[in-house]
Amino acid sequence: MILANENYSKIQASYLFTEIAHRVKAYQEANPAAKVIRLGIGDVTEPLAPAVIKAMHRAVDDQAKRETFRGYGPEQGYAFLRDAIAENDFRRRGVNVSADEIFVSDGAKCDTANIQELFGKDIVIGVPDPVYPVYVDTNVMAGRTGKAKHGRYGKLVYLDCTAKNGFVASPPKGVKLDLIYLCYPNNPTGAVATKRQLRAWVDYAKANKALILFDAAYEAFIRTPGIPHSIYEIPGARKCAIEFRSFSKTAGFTGTRCGYIVVPKGLCAYTKKGECVELRPMWTRRHTTKFNGCSYITQRGAEAVYSREGAKQTKATIDFYLKNAKLVRDALTRLGYTVTGGTDSPYLWVGVKGDSWKFFDKLLREAQVVTTPGAGFGRDGEGFIRISAFNSRENILEAIERFKKVL
Ligand code: MLT
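Heads up: the sequence shown begins at 16 in the working numbering, then just goes up one per residue.
This is the structure in structure tokens:
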């Protein structure tokens, strides 16, 4: 008899964005004339940068000729892309990361979901609340949690991120975490962590032989000087952190798919006896066994993000989304709402003083605007909605007009 993985039955609801998509579909079917504006899932709307498109066209032509055709590539990514990443995302910022510590993938969602395979079952995991649901759900599926009660899974340690701490949790006192998920700029709150705040986590991780999983998918949106773009800007982080990056939001690759992780040399997990097991060879083994590499064409496109033209064009697109965020932020503030995020992040975290699913439904029904209810990100997300700034200017301005009418 084939036995099911019963951990799946502990999962509370369908994946948040799938649930939202269902509700929107039902609404749209019942109201076919409604022009729905989607500010829910953080999906980009602007086309890829011309430099990226040009590089991808060239790569397609490479695939058309025997002399330049590529079959399977290196699972970890082509050297041309790993070198460009190491140079531009790290060395240029004075951060020590080498190309052979970088593993190219098809995106940060898969990487943040898959990484937990490297760790033992009986570990204490700290997750922020609110949280990107993938961190939690994948550990539920793997059997590292108890059942859910009042919106929280047993065994997980929830790190409250509330207005009180500026949505940035500090390391817990008297609790020994083994694995810590951090995400800055934060999804969903849009908060950023300062060097001092990240240093506290690195010091904590080192003192406890813990590992930080640092999701920096929204790094390119940081504009405030002094805010770290990488966990490796913090001394000692190479000894206790893995970093996740993505071209999805940085360069509009949500549909094109490319991301990477950094696993520094010498970074350890431990056996029960306390012996170091190096994570980089483990991840190499996992990645080469289960993944056949991101496509050549996509990697050529990603490489072009670092060209002079590509960097200029992708930055202009991010500036465009940040302007969207500012417009929504200013409008909602004028309407009397408390808004955080949106300055170093594409996400606005809006206090709605009540049930977030109800507020979501109200905005969908009365304004035909899709948002994301904060409760979907965890108990501490209740009372908030997340608004994504990824959309055309026309739609953002239209959404603001509708907000003015119904809020
Ligand atoms: C989000 O809206 O939180 C993200 O777009 C989801 C994702 O990156 O998987």
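Quick reminder that beta carbons are idealized off the backbone N, C-alpha and C, glycines included.
Keep in mind it's a predicted model, so treat the numbers as computed, not measured.
Original post:
Any heavy atom of the ligand MLT within a distance shorter than 7 angstroms of the CB on Y196?
Top reply: No; taking the cut-off as 7 angstroms, the Cβ of Y196 has no heavy atom of the ligand MLT nearer than that.
Subject >> Paired residues, beta bridge with P388 - DSSP >> reply: Answer by DSSP bridge pairing, in chain order: I400.
**OP:** Could you check if T286 is buried or exposed, using at least 16 other CB atoms within 10 Å of its CB as the buried criterion?
**Re:** Around the beta carbon of T286, a 10 Å sphere encloses fewer than 16 other beta carbons of the protein chains shown; the residue is thus reported as exposed.
Original post:
What residue from A184, C255, D137 has the CA that sits closest to Q212's CA?
Top reply: The shortest C-alpha separation from Q212 is found at A184.
Original post:
Would M12 be called buried (16 or more neighbouring beta carbons within 10 Å of its own) or exposed?
Top reply: Coverage of the chain is limited to positions 16 through 422, which leaves residue 12 absent and any answer about it impossible.
Original post:
Quick one: does the C-beta of F32 sit closer than 7 angstroms to a heavy atom of the ligand MLT?
Top reply: Yes; taking the cut-off as 7 angstroms, the Cβ of F32 has a heavy atom of the ligand MLT nearer than that.
Original post:
Would you report the Cα separation of H244 and K264, rounded to the nearest angstrom?
Top reply: For H244 and K264, the distance between alpha carbons rounds to 14 angstroms.
Original post:
Mind checking D137: buried by the 16 CB within 10 Å criterion, or exposed?
Top reply: When all chains shown are included, D137 counts as exposed.
**OP:** Give a single yes or no on whether Y233 has its beta carbon closer than 7 angstroms to a heavy atom of the ligand MG.
**Re:** Among the ligands present in this structure, namely the ligand MLT, the ligand MG is not found.
Original post:
Rounded C-beta distance between F262 and V320? I'm assuming under 8 angstroms.
Top reply: About 6 angstroms; that satisfies the 8 angstroms criterion.
Subject >> Y147 CB to nearest heavy atom of the ligand MLT below 7 angstroms >> reply: Flag set: Cβ of Y147 near the ligand MLT.
Subject >> Cβ of P203 within 8 angstroms of any chain B Cβ >> reply: In summary, chain B is missing from the structure at hand, where a single protein chain is found.
Original post:
Among K170, H165, L294, K124, which residue has its Cα nearest to the Cα of P148?
Top reply: Comparing Cα positions, the closest option is K124.
Original post:
If you draw a straight line from the alpha carbon of Y93 to that of Q383, how long is it in whole angstroms?
Top reply: Rounded to the nearest whole angstrom, the CA to CA distance from Y93 to Q383 is 44 angstroms.
Subject >> Test item: CB-CB of F375 and T358 under 8 angstroms >> reply: Their beta carbons are not under 8 angstroms apart, which means F375 does not touch T358 by this criterion.
Original post:
Is the closest heavy atom of the ligand MLT to the C-beta of I35 under 7 angstroms?
Top reply: Every heavy atom of the ligand MLT is 7 angstroms or more from the Cβ of I35, so no.
Original post:
Out of W298, L96, A36, I52, which has the shortest C-alpha to C-alpha gap to L378?
Top reply: L378 has its Cα closest to that of I52, out of W298, L96, A36, I52.
**OP:** With distances taken Cα to Cα, identify the nearest neighbour of Y275 among F259, L197, K288.
**Re:** Of the listed residues, the one whose Cα sits closest to Y275 is F259.
**OP:** Could you tell me whether the Cβ atoms of G166 and R344 are closer together than 8 angstroms?
**Re:** Contact: no.
Subject >> Any non-hydrogen atom of the ligand MLT within 7 angstroms of N202 CB >> reply: Yes, since a heavy atom of the ligand MLT falls inside the 7 angstroms radius drawn around the Cβ of N202.
Original post:
Whose C-alpha, out of T160, Y150, F268, A346, is nearest the C-alpha of V421?
Top reply: Closest option to V421, judged by alpha-carbon separation, among T160, Y150, F268, A346: A346.
Subject >> Proximity below 8 angstroms, CB of G316 to CB of A70 >> reply: Yes, these two residues count as a Cβ contact at 8 angstroms.
Subject >> Near the ligand MLT: D58 beta-carbon under 7 angstroms from a heavy atom >> reply: It does: the Cβ of D58 is within 7 angstroms (strictly closer) of some heavy atom of the ligand MLT.
**OP:** Note down the Cα distance separating L412 from L342, rounded to an integer number of angstroms.
**Re:** Cα to Cα, L412 sits roughly 8 angstroms from L342.
**OP:** Give me whichever residues DSSP pairs with D230 in a beta bridge.
**Re:** Note: D230 is bridge-paired with C198, F259 in the DSSP secondary-structure output.
Subject >> Cβ-based neighbour list, F134, same chain, cut-off 7 angstroms, excluding 5 preceding and 5 following >> reply: L194, A284.
Original post:
To the nearest angstrom, how far is it from the Cα of D98 to the Cα of L31?
Top reply: Approximately 36 angstroms, taken between the alpha carbons.
**OP:** Could you tell me which residues DSSP pairs with D175 in its beta bridges?
**Re:** D175 is bridged by DSSP to D144.
Subject >> Simplified DSSP state of I276, which is helix, strand or coil >> reply: In this structure, I276 counts as strand in the three-state DSSP scheme.
**OP:** For F84, count neighbouring C-beta atoms within 10 Å of its own C-beta (all shown protein chains included) and say buried if the count is 16 or more, exposed if not.
**Re:** Per the 10 Å Cβ criterion, exposed.
**OP:** Report back the beta-carbon spacing between A157 and E324 to the nearest angstrom; my notes put them in contact at under 8 angstroms.
**Re:** About 43 angstroms separates the two Cβ atoms, so there is no contact after all.
Original post:
Does DSSP put C283 in a helix, in a strand, or in coil?
Top reply: In the three-state reduction of the DSSP assignment, C283 falls in the strand class, which pools E and B.
Subject >> Within 8 angstroms, strictly: CB atoms of P203 and Y336 >> reply: Against a cut-off of 8 angstroms, the Cβ pair of Y336 and P203 comes out as no contact.
Original post:
Among residues of its own chain, excluding the 5 on either side of Y87, which ones have a beta-carbon nearer than 7 angstroms to its beta-carbon?
Top reply: Only N307, G308 meet the Cβ criterion.
Subject >> Euclidean distance between Cα positions of I257 and D126 >> reply: Those two C-alpha atoms are separated by around 11 angstroms.
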